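Below is one structure, written out as structure tokens; the observations come after it.
Right under this line is the structure:
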């Protein structure tokens with residue numbers, strides 16, 4: 001039996017046990033995971049920084065986010081209402097036919113394949129949001145480690161395995177698997193896999209999506225594949241806030257050497273402020289020293305993408321960079337007319353790094369054309385005064401259809417981990433805009449609704465027992481009650 005086959009057999013055996021266990025035990029397990037990772041802090045932070053070329057301060061913050069989201073899901077599971085329990089009581093006197101007792105809730109899917117991300121060695125990797133939300137739902141996880149930070153991944157995987165053992169859970173609850181593209185394809189297409197979670201490139205996510213849709217039994221693929229996260233700046237707003245807006249934009253663009261999925265790679269600026277805004281942004285970017293990117297492959301891809309764009313005669317380059325040092329990513333900025341942007345698909349493609357295109361538009365009507373032409377995004381940001389926003393409701397109505405998160409203040413970099421967060425947008429930013437990979441609603445990706453009709457009370461899941469021993473919010477005969 002191959003390693004992958006054996007791993008899936010263990011995961012399936014674990015699943016049949018996990019889905020029968022109560023939410024309290026699952027929550028305690030997640031808290032134990034956080035505790036075991038916290039014990040590694042002193043060794044984990046410098047190791048992750050070394051492998052990812054990210055500063056220790058950034059890794060320290062990411063560790064805090066990782067532990068925070070683990071505890072978020074532990075509390076969510078402990079409270080219990082996420083299962084969306086619904087009860088319709090029977091009515092034997094109903095005419096012309098008696099009404100049965102029907103009770104519905106979300107139940108875990110089964111073994112989940114999770115792919116680690118390169119740009120977040122902790123928060124989107126081994127014990128990242130995908131892994132933790134899947135475990136929180138009651139699903140075992142087969143984690144495909146990212147080759148960019150193998151030792152970091154192994155260290156965190158050991159902590160999760162320790163938590164599995166301490167919590168008395170079956171061995172197959174979590175498994176750490178290393179390998180290349182071929183291994184990833186085998187994991188995603190194995191008959192026992194019930195869903196895939198992926199964060200990375202469009203090419204990688206689309207390949208997994210296509211492979212899983214060709215399976216004899218297709219499964220959902222929750223792939224976050226990148227975005228250019230446009231910012232739309234309106235004239236009156238820039239008249240009042242040009243300096244602050246330009247500085248905020250430049251800072252967001254180079255944050256993390258531009259290696260965030262929410263990096264604002266497009267900014268739309270009215271012609272009236274074209275020169276003043278661009279001069280201020282360029283001035284800020286020139287003060288930014290080049291910094292190491294995550295790995296050589298990403299750096300090479302960044303510089304190659306810039307070379308490809310340089311072939312266009314429509315772009316005016318305001319700031320350029322050369323691939324002078326291995327791993328170094330310097331900021332770059334180009335400018336184009338909105339009329340030309342509308343006719344070139346390449347200007348919408350994500351360049352993973354500190355690069356942006358400033359698009360100069362001439363009218364609100366032109367912005368509406370942009371909204372129609374724009375591809376799906378994780379985020380869209382609109383900077384406008386209240387009167388401008390009211391006058392452009394048509395544009396706002398259109399742009400809402402193109403993103404998962406619509407911002408009216410600040411910049412898109414920085415994703416709050418909470419109950420209301422939506423981190424997932426229309427294709428091609430993700431494969432399923434109905435889901436999120438950040439925040440508590442991420443748990444529902446790995447569950448499906450099941451209705452139990454006239455099931456004996458002794459066999460019901462605890463969330464559906466008549467007395468409501470968990471005290472969760474339920475919809476009973478059409479009314480929400482505890």
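Numbering (full-length UniProt numbering), first residue to last: 1 to 482.
Note that CB positions come from ideal geometry on N, CA and C, so glycine has one too.
Given the structure is predicted, the values throughout are model-derived calculations rather than measurements.
Does DSSP put residue i in a helix, a strand or coil?
i	result
residue 209	helix
residue 202	helix
residue 118	coil
residue 384	coil
residue 176	strand
residue 88	strand
residue 408	coil
residue 434	coil
residue 427	coil
residue 448	strand
residue 458	helix
residue 55	coil
residue 289	coil
residue 415	coil
residue 481	strand
residue 11	helix
residue 188	helix
residue 393	helix
residue 453	strand
residue 196	strand
residue 465	coil
Do residue j and residue i come within 9 angstroms of each other at the CB atom, strictly closer than that value?
i	j	result
residue 283	residue 269	no
residue 229	residue 377	yes
residue 189	residue 117	no
residue 261	residue 312	no
residue 153	residue 178	yes
residue 411	residue 165	no
residue 352	residue 167	no
residue 437	residue 124	yes
residue 443	residue 77	yes
residue 219	residue 121	no
residue 175	residue 10	yes
residue 431	residue 222	yes
residue 395	residue 368	yes
residue 331	residue 288	yes
residue 265	residue 290	no
residue 335	residue 315	yes
Have a look at residue i and residue j and give me their C-alpha separation to the nearest angstrom.
i	j	result
residue 64	residue 34	10 angstroms
residue 304	residue 32	44 angstroms
residue 356	residue 333	5 angstroms
residue 181	residue 215	17 angstroms
residue 348	residue 25	46 angstroms
residue 339	residue 146	40 angstroms
residue 213	residue 301	28 angstroms
residue 415	residue 255	13 angstroms
residue 127	residue 341	40 angstroms
residue 195	residue 111	7 angstroms
residue 375	residue 350	11 angstroms
residue 483	residue 235	Absent from the structure is residue 483, since the part of the chain shown begins at 1 and ends at 482.
residue 280	residue 263	19 angstroms
residue 299	residue 23	44 angstroms
residue 186	residue 108	22 angstroms
residue 45	residue 91	60 angstroms
residue 134	residue 446	6 angstroms
residue 5	residue 191	10 angstroms
residue 390	residue 383	12 angstroms
residue 37	residue 381	35 angstroms
residue 386	residue 363	18 angstroms
residue 161	residue 105	29 angstroms
residue 102	residue 88	5 angstroms
residue 206	residue 428	9 angstroms
residue 371	residue 274	20 angstroms
The segment 392 to 411 / the segment 451 to 461 touching (three or more Cβ pairs under 8 angstroms): no
Considering only residues of the segment 306 to 386, which uninterrupted alpha helix (DSSP H) runs meet the minimum length of 4 residues and lie entirely inside it, listed in chain order? 338 to 341, 364 to 373
Runs of beta strand (DSSP E) wholly within the segment 91 to 170 (minimum 3 residues, chain order): 102 to 108, 112 to 115, 141 to 144
Segments assigned alpha helix (DSSP H), at least 4 residues, entirely inside the segment 223 to 280: 235 to 254
Check whether the segment 83 to 98 and the segment 466 to 481 touch, using three or more Cβ-Cβ pairs below 8 angstroms as the test. yes
Taking contact to mean 3 or more Cβ pairs, one atom from each stretch, closer than 8 angstroms, check whether the segment 9 to 27 and the segment 119 to 139 are in contact. yes
The segment 148 to 162 / the segment 458 to 474 touching (three or more Cβ pairs under 8 angstroms): no
At which residue ranges does the segment 19 to 78 contain complete alpha helix (DSSP H) runs of 4 or more residues, listed in the order of the chain? 23 to 38, 41 to 52
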